[in-house]
Structure formats: C-alpha cells, structure tokens
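All remarks here apply to the structure that follows.
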Amino acid sequence: AQSVAQPEDQVNVAEGNPLTVKCTYSVSGNPYLFWYVQYPNRGLQFLLKYITGDNLVKGSYGFEAEFNKSQTSFHLKKPSALVSDSALYFCAVSFSGSARQLTFGSGTQLTVLP
Amino acid sequence: EAQVTQNPRYLITVTGKKLTVTCSQNMNHEYMSWYRQDPGLGLRQIYYSMNVEVTDKGDVPEGYKVSRKEKRNFPLILESPSPNQTSLYFCASSLSGTGGDGYTFGSGTRLTVV
C-alpha cells in the first residue's frame, strides 16, 4: 500500500524568508511524487512532479522540491516566500503501473506573514 | 480550454434524497476519479475509472455509486445521502492509468446533507 505523511498541519513563515513544507512517503516500487496547491474555494492546482531524473524538481510560481530516496522524502521549498503563497498544500504519491493513481497527504496550511 | 467541469458547486439536501453530481472533462482523458476532502484527512478516493465501463472502488466507496458510459462523463451518485457524506467533493481526470501523469481537478462541489 502507498501512503503519504505531511507532519505539519500548519507552517508560518515571514514574507521574504525561505519556506519548506515537508512530505514523506511510503510506496512499493519507484515513486511518482507530486505537489498540489489549493487556494480558498478553488480546486487543486498542479505545482510540480518527480518521475525520474534530477532529484531537484522545479515547478510553478518559483517552487521546487527535492526527492530524497534514502529518507523517502519530497519536501517543497521556495527561496523567498510571498504573502500570495498562503494556501493549503498537498503532497501525493503514486508509482509505476498504479491503477489507483494518487494517494494524498492530509495537507499543510501555509501562512506567509507580511 | 482544457478543464474538468463539476456541477453543482454547492448543494444542500436532506437525508435520503437521491442526488447526482456531474463531472465532465474535455481532454479525452482515459482515467477519472472522485475524491472527498475533509479537514485533517486530506483527499480520499471514492471511486475511479480506467476507461469507459471500467470502474473500481477507492478507499471510501460506501454510500456512493458511479458510472462511466461515455469517456468524458463520470457522475457521482448518492442514492440515499446521510449527514456523514457532508463534504467537499472533487472530480479529477488523468491522461492514462500509468500513475505518472498527475491529475486535472474540477473546482469542487460542496455538499451539505441535513
């Protein structure tokens, strides 16, 4: 079975500071890893994904994530946070050949303080 | 514009009154799925469909039905809604069932059962 853990329900960061939203996963086989963002009263929007290749993945809105196989982690990062980055962030995992597609974490509410 | 369209956006109903939430995608995606989102639980998969006439249960299928008679449509049916089905529902589609494509999400349906 595949699973995702987002250990922090809430992350607060000051505008201009770097931010990190943590994600760890468990999956049999090679993982496919995703980050999605949800703004209030909106659906989920794709940010970035890791399938294979370079462990550092760059995505939309200046976000990036680093795949760490030994620590089974896929933390989301941004060098300089904006107030507009405040939203709910979801990590998700799948693996090659999965008919069940994505399993989501419980979400992390990011608040960027002006 | 490539999109997943859900209707209605908001719905208040009474216990036991059958309802259908529609979902349609215009991207010729093979894979479609329904999720419910509840605070602290993230997104949990209700049902998914690999293609026309092929559907299967997700993690929380009890109390729900689906059908996939056409590739573009994947309605979610609640035959006898109960208050514990009050939730935010998302339909999503993906190009294929290989696990690596990620999802395109609809805008969500907020259902309240009283």
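Taken in sequence, the protein lines are chains A and B.
Under the working numbering, the residues of the first sequence are numbered 1 to 114, in order.
Under the working numbering, the residues of the second sequence are numbered 1 to 114, in order.
C-beta atoms are modelled at their ideal positions from N, C-alpha and C, and glycine is treated no differently.
Would you say residue i lies against chain B (beta-carbon separation less than 8 Å)?
i, result
"phenylalanine 67 (chain A)", "no"
"leucine 102 (chain A)", "yes"
"phenylalanine 34 (chain A)", "yes"
"serine 106 (chain A)", "yes"
"glycine 53 (chain A)", "no"
"lysine 49 (chain A)", "yes"
"leucine 122 (chain A)", "The structure shown does not extend to residue 122 (chain A), since chain A spans only 1 to 114, so no value can be given for it."
"phenylalanine 46 (chain A)", "yes"
Who pairs with residue i in a beta bridge, going by DSSP?
i, result
"asparagine 25 (chain B)", "Reading off the sequence, residue 25 (chain B) comes out as glutamine, not asparagine. Answer is B:Val4, bridged to glutamine 25 (chain B)."
"threonine 13 (chain B)", "B:Val113"
"phenylalanine 105 (chain B)", "B:Ala92"
"phenylalanine 74 (chain B)", "The partner list for phenylalanine 74 (chain B) (beta bridge, DSSP) is empty, contrary to what the question assumes."
"leucine 19 (chain B)", "B:Leu78"
Which two residues bound the contiguous beta strand (DSSP E) that contains residue i?
i, result
"tyrosine 48 (chain B)", "42-51"
"phenylalanine 90 (chain B)", "87-94"
"valine 4 (chain A)", "3-5"
"aspartate 38 (chain B)", "31-38"
"lysine 57 (chain B)", "54-57"
Should residue i go down as buried or exposed, given a rule of 16 or more other Cβ atoms within 10 Å for buried?
i, result
"methionine 27 (chain B)", "exposed"
"leucine 113 (chain A)", "exposed"
"leucine 76 (chain A)", "buried"
"lysine 49 (chain A)", "buried"
"arginine 36 (chain B)", "buried"
"alanine 14 (chain A)", "exposed"
"tyrosine 103 (chain B)", "buried"
Quick one: is residue i near chain A, going by C-beta distance under 8 Å?
i, result
"phenylalanine 74 (chain B)", "no"
"serine 24 (chain B)", "no"
If you measure from the CB of residue i, is any heavy atom of the ligand ZN nearer than 7 Å?
i, result
"valine 112 (chain A)", "Absence of the ligand ZN from the depicted structure is noted, as is the absence of any ligand whatsoever, leaving it without description."
> In the region 49-113 of chain A, which residue ranges form an unbroken beta strand (DSSP E) of at least 3 residues, counting only runs that do not cross its ends?
Replying inline: 56-58, 64-68, 73-78, 87-95 and 108-113
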